[in-house]
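Laid out in structure tokens, this is it:
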């Protein structure tokens, strides 16, 4: 597919086929391309820990246990921007048939975040604690390149901020050293075509809402 089609086709998948593994060769191809992402002084600040098989199952179980014991007070957005999450939630829960007043149904849907939506490959994205915002931009460019490379190979994905709310759990399960800051999670696999929310095309702002053009 051409680049425009590739960008338009990429979307966040929120339910995967757990028994359809990702071929290691395709995953390595995508990771090799993502390593070409630019970064400040070529620091290449991204660190990615991937879990599959039994390790992936243990990671999801440990996160789910912790979340049930200590639910998160927030899902990572400040109040000034929380209305945007509510707008997205209305789309997603509506597609799933979960009513606004169905607290149990919403909690069940939220819990799937910490089981990586049943994806066969789960990742934790990190960056060295001594690095700052310019380097975080580099991590973001690595992630976007990875997502597009996966999409080109017919592999679906979802980046998850919710995973970073429990850094101690992922450190224990994956052996992530203390000098790395846990930034987010990533799900990698193949979308479940029967899950209605996977077909949602989330809206984007007009360019003029986010970009200021200045002349003279």
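Residue numbers (this note's numbering): 9 to 224.
Even for Gly, the Cβ is constructed at its ideal location relative to N, Cα and C.
Anticipated Cβ contact below 8 Å, residue 25 with residue 197, distance rounded | 7 Å
What does a CB cutoff of less than 8 Å around residue 161 pick up in its chain, not counting 5 residues either side in sequence?
-> 34, 37 and 38
In three-state terms, what does DSSP make of residue 55?
-> strand
Residue ranges of each beta strand (DSSP E) run of no fewer than 3 residues wholly in the segment 130 to 179, ordered along the chain?
-> 164 to 168
Contact check, residue 15 vs residue 156, beta carbons under 8 Å = yes
Mind pulling the alpha helix (DSSP H) runs of 4 or more residues that sit fully within the segment 59 to 112?
-> 61 to 77 and 90 to 104
On the three-state DSSP scale, how would you describe residue 197?
-> strand
Considering only C-alpha positions, which residue in the set 48, 57 and 19 is nearest to residue 179?
-> 57
DSSP state of residue 20 mapped onto helix, strand, coil | strand
From 60, 51, 114 and 103, pick the residue whose C-alpha is nearest to that of residue 182; which is it?
-> 60
What distance in whole Å lies between the Cβ atoms of residue 119 and residue 75, which are believed to be in contact at a cut-off of 8 Å?
-> 6 Å
Would you call the segment 121 to 136 and the segment 166 to 178 touching, i.e. three or more CB-CB distances under 8 Å?
-> yes
Classify residue 51 as buried or exposed, calling it buried when 16 or more other Cβ atoms lie within 10 Å of its own Cβ.
-> exposed
Local Cβ density within 10 Å of residue 43, reported as buried at 16 or more and exposed below that | exposed
Consult DSSP for residue 119 and reduce its assignment to one of helix, strand or coil.
-> helix
Does DSSP put residue 35 in a helix, a strand or coil?
-> helix
Under a three-way DSSP split, which group does residue 40 fall into?
-> helix
Can you name the residues that DSSP bridges to residue 189?
-> 135
Among 114, 106 and 163, nearest to residue 127 - alpha-carbon criterion | 163
What is the DSSP secondary structure of residue 12, counted as helix, strand or coil?
-> helix
If residue 71 sits next to residue 174, beta carbons under 8 Å apart, how far is it from one beta carbon to the other, in whole angstroms?
-> 6 Å
Given 8 Å, three or more beta-carbon pairs between the segment 96 to 110 and the segment 198 to 209 = yes
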